[in-house]
Amino acid sequence: MKSAGGLAGKGVVVTRPSAQAAGLAGAIESAGGKALVFPAIEIRDIEDPGPLYAVLDRLETFDMAVFISPNAVKKAFGLVRVRRASGWPGNLRVAAIGRGSRRELECHGIHRVLAPSPHADSEALLALPELEALAGRRVVIFRGEGGRELLGEAFAARGAKVEYAECYRRTRPQTDCAPLLAAWARNAVDAVTVSSGGGL
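Counting from 6, one number per residue, gives the positions in the sequence shown under this note's numbering.
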């Protein structure tokens with residue numbers, strides 16, 4: 006983000022889910038821009054939580070848990086509190102795609118999270134030396150429904166036994182398009198931010 010005033014007079018569309026849009030919108034406004042919040046996706050609970058419950062009930066059997074997004078952390082830990090009187094296993098290694106997921110994990114008391122920096126994607130996580138030798142390791146990947154297969158396939162190719170724990174789904178929100186279309190018609194949109202393939 007440019008320094009304060011760097012976006013003076015610029016209209017920037019923020020397509021992140023409603024609950025996650027405030028930070029970016031605030032940064033745009035602080036830089037002198039006009040944030041146009043228009044969520045392109047909505048994060049909702051999965052319709053059948055049974056498979057996720059089954060994974061949470063046997064977390065001790067895994068060597069590593071990987072979190073794809075802050076949403077995955079929020080949804081999973083919301084259920085950990087309900088399903089597990091013993092909480093999160095203390096010896097279960099935790100990895101995350103990026104800083105946002107790591108911060109969310111820290112909010113839930115999980116520290117020493119393995120996460121790439123400065124990049125925040127599956128490729129950057131896979132490049133970490135700690136994840137090169139995974140033969141015989143059991144890895145669970147917490148993600149949204151229908152997420153990318155890259156991590157799981159790469160871990161399996163390195164010898165890991167991989168399971169997915171889908172803990173949320175992305176849907177299209179019921180949003181009134183009129184304000185965005187009106188802004189577009191009067192040339193008040195200078196940029197559109199997109200933070201996920203689903204949002205795009």
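Where a beta carbon is used, it is the ideal one built from N, C-alpha and C, also for glycine. Computed from a predicted structure; not experimentally measured.
Determine the closest residue to residue i out of the options, with distance taken between C-alpha atoms.
i      : options                        : result
Ala277 : Gly204, Gly202, Ala24, Val194  : Outside the shown range of the chain, which is 6 to 205, sits residue 277, and nothing can be said about it.
Val19  : Gln179, Leu130, Val199         : Val199
Val167 : Phe67, Gly14, Val17            : Phe67
Asp50  : Glu158, Asn192, Ala81          : Ala81
Cys112 : Gly95, Lys79, His124, Arg142   : Lys79
His116 : Ala125, Glu154, Asn96, Gly141  : Asn96
Pro56  : Trp189, Cys182, Ala188, Tyr173 : Tyr173
With a threshold of 7 Å on Cβ separation, who are the neighbours of residue i within its own chain once the five nearest residues in sequence on each side are excluded?
i      : result
Arg148 : Ile73, Ala77, Tyr169, Glu171
Leu61  : Leu84, Val85, Arg88, Arg89
Would you kindly work out how many angstroms separate the C-alpha atoms of residue i and residue j, rounded to a whole number?
i      : j      : result
Pro44  : Arg104 : 22 Å
Arg163 : Glu137 : 7 Å
Gly37  : Gly151 : 37 Å
Ala9   : Gly92  : Confidence at Ala9 is low in this model, with a pLDDT of 49, below 50, so the placement of that residue should be treated as unreliable; the coordinate-derived value is given next. The alpha-carbon atoms of Ala9 and Gly92 are separated by roughly 43 Å.
Ala125 : Val42  : 23 Å
Starting from residue i, trace the alpha helix (DSSP H) both ways and give me its first and last residue.
i      : result
Gly157 : 155 to 162
Gly83  : 75 to 88
Val199 : Per DSSP, Val199 belongs to no alpha helix (DSSP H) and is neither H nor E.
Glu47  : No alpha helix (DSSP H) holds Glu47; the beta strand (DSSP E) holding it covers 47 to 49.
Glu52  : That residue, Glu52, is in no alpha helix (DSSP H); it is neither H nor E in DSSP.
Beta strand (DSSP E) containing residue i: first to last residue?
i      : result
Leu41  : 39 to 42
Gly149 : 143 to 149
Arg174 : 166 to 176
If I measure Cβ to Cβ from residue i and keep anything under 6 Å in the same chain, skipping five residues before and after, which residues do I get?
i      : result
Val118 : Val99, Ala101, Arg107, Leu110
Ser201 : none
Val71  : Ala100, Ile146
Ala159 : Leu131
Assuming the contact rule is C-beta atoms closer than 8 Å, residue i and residue j should be a hit. Round their C-beta distance to whole Å, please.
i      : j      : result
Leu29  : Arg21  : 6 Å
Ala165 : Leu139 : 4 Å
Pro94  : Leu64  : 5 Å
Glu47  : Pro178 : 4 Å
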